[in-house]
Amino acid sequence: MSFLEVKNIDVNYGDVQVIFDLSLEIAEGEVVSIIGGNGAGKSTLLKTISGLMHPARGEIFFEETAIQTAPPEKIVECGIVQVPEGRRLFTLMSVKDNLIVGAYNSRADQHMNTTLEEVYTLLPRLQERASQLAMTLSGGEQQMVAIGRGLMAMPKLLMLDEPSLGLAPILIKDIFQTVRKIADQGTTVLLVEQDVMHSLSLSDRGYVLEHGRIAMEGPAKDLLNDPHIKTAYLGL
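All residue numbers for the sequence shown refer to the working numbering, where the first residue is 31 and numbers rise by one.
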């Protein structure tokens, strides 16, 4: 069985179905991208894996344990951590305090100081800004804090929802370089991202989500060269 396996899930918002019979799998150590247009269901999929929503049908397994009915805090304890779209920082708290908040689960709490040093090593600018209020940071720095907060929870699977959203091109490059470093250090990554070129370039595999259904899947390099992807998502 895969590290993460999503099997035939349907997901609804009230009476409206937004994900249809969706299946995917991720092996340990992979970087996998989910690409698709606005409203395709990408964020809903991450929320469902995170336990913020529950499927109306289907199953989700993480390390061979069914988690589709588990609450979010239990899923974090299992090792699945989501960095949400829009950063969601505590803007009137310091950078350091925002990071520490990420470690408040029983797996991560006892390693907080060690993990904080590891985050500072990976993201040295956060150590420089440790005492600043999060609201005073640039957009790119705030995104780094959000990623660092996720790492403080000691994820086995880190899910990133649109990490480059609203950032200047030079900052986007920094974000993706950071994601690559996280993966190289052994963390499995599931990446939802509208910057298709960057996301597929650093991924092992990808899934294309259209209208709540998986339309295509395969090795990332093959998707980058696919005529439909070039036309629909790369503007080529």
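We treat Cβ as the ideally placed atom computed from N, Cα and C, and that holds for glycine.
Cut-off 6 Å between Cβ atoms - residues of its own chain near residue i, not counting five sequence neighbours on either side
i           : result
residue 77  : 83
residue 190 : 113 and 221
residue 228 : 206
residue 81  : 100, 101, 102 and 105
residue 245 : 238
Beta-carbon proximity of residue i to residue j, cut-off 9 Å
i           : j           : result
residue 175 : residue 164 : yes
residue 201 : residue 169 : yes
residue 66  : residue 239 : yes
residue 111 : residue 195 : no
residue 52  : residue 218 : no
residue 178 : residue 152 : yes
residue 156 : residue 129 : yes
residue 59  : residue 216 : yes
Neighbour-count burial assignment, residue i, 16 or more Cβ in a 10 Å radius
i           : result
residue 263 : buried
residue 214 : exposed
residue 140 : exposed
residue 54  : buried
residue 46  : exposed
residue 225 : buried
residue 161 : exposed
residue 122 : exposed
residue 203 : exposed
residue 72  : buried
residue 95  : exposed
Cβ neighbours of residue i in the same chain (closer than 7 Å, five flanking residues each side left out)
i           : result
residue 63  : 221, 223, 229, 230, 233, 236 and 250
residue 107 : 135, 136 and 137
residue 89  : 37, 96 and 98
residue 150 : 156 and 157
Any non-hydrogen atom of the ligand PLP closer than 8 Å to residue i Cβ
i           : result
residue 171 : For the ligand PLP, the structure offers nothing, since it holds no ligand at all.
Neighbourhood of residue i by C-beta distance below 8 Å, restricted to the same chain and skipping five residues each side
i           : result
residue 85  : 39, 40, 41, 49, 78 and 98
residue 145 : 133, 138, 181, 182 and 184
residue 172 : 117, 119 and 164
Residue i - partner residues in DSSP beta bridges
i           : result
residue 40  : 87
residue 96  : 91
residue 110 : 187
residue 237 : 64 and 247
residue 47  : 42
residue 284 : This structure cannot settle anything about residue 284, because the visible part of the chain is limited to 31 through 266.
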